[in-house]
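Structure, as structure tokens:
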Ligand SMILES: [Zn+2]
Ligand SMILES: [Zn+2]
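In this note's numbering, the protein residues as written are 1175 to 1456.
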């Protein structure tokens, strides 16, 4: 059995974002919709022999996410310990990597799986952490490799990011975690066809969404996020997966508003919208 926990379902900036007065951020501050922290996912098996969790991306909200999840907290047997075994990075975005700096009090080096491209882009962070616990880098592979007791994973290469597919070796079941997707490649499409659970990039509804709140902002596709409306919605609608869930949702995205047409379209397509604390069992 694989357990997947959404620690944070928002894209960079969170919901609300400190300097944002879009309708969603205003509604959040007014208590009309729930606040969401920045994108991070914990994955693990619940076998007692392997009480270790892996994080998929480490957001700047990580310390607070750990405090809201008892199973990610240290046990009382020694003064300093953690059930977090390491981190898998989809790319080098600030909102995915800054949490690594916040784990610096660890005594052993942090184990981080990433592509060479991501590692190179995070050279600054690597240098900073070297003065503390340091990072033990591990390469991701396009073939399945063992993560812990019964979980294997592989990386699906995309432009400037990767998606991860997880395999429960006991049951043969697969899950796809793809929070940063610039384009729907053939390999990603194959992985989405054989995965029972899909967590997918729900950053933006439309390509020009950010430009509406910030003049000169890059488009969704330019930021390496396939928009939902004229991009991933149709592809996910056709996927046979048991659960399809949008996560890494930007605070500007109209799917966050319960009464919106866009949210209704997503729900009609059989796709869920992630929130902090959502737990998925494979
Ligand atoms: Zn992000
Ligand atoms: Zn906003």
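Cβ atoms here follow ideal geometry from the backbone N, Cα and C, with glycine treated the same way.
If you're wondering where the values come from, they're calculated on a predicted model, not measured in any experiment.
| Asked | Found |
| --- | --- |
| Proximity winner among 1241, 1275 and 1227, relative to residue 1260 (alpha-carbon distances) | 1227 |
| Identity of the residues DSSP links to residue 1291 by a beta bridge | In DSSP, residue 1291 forms no bridge with anything. |
| For residue 1192, the three-state DSSP class (helix, strand or coil) | coil |
| Any non-hydrogen atom of ligand 1 within 8 Å of residue 1427 CB | no |
| Cut-off 7 Å between Cβ atoms - residues of its own chain near residue 1182, not counting five sequence neighbours on either side | 1210, 1211, 1212, 1213, 1214, 1233, 1235, 1239 and 1450 |
| Residue interval of the alpha helix (DSSP H) (run including residue 1438) | 1435-1442 |
| Continuous beta strand (DSSP E) assignments of at least 3 residues falling wholly in the segment 1305-1331 | 1309-1313 |
| Straight-line Cα distance separating residue 1413 from residue 1367 | 6 Å |
| The segment 1337-1351 / the segment 1296-1312 touching (three or more Cβ pairs under 8 Å) | no |
| Residue 1320 burial status per 10 Å Cβ neighbour count (16 or more: buried) | exposed |
| Short Cβ contact (9 Å threshold) for residue 1190 with residue 1264 | no |
| Cβ-heavy atom distance, residue 1275 to ligand 4, below 8 Å | This structure lacks ligand 4; its bound ligands are ligand 1 and ligand 2. |
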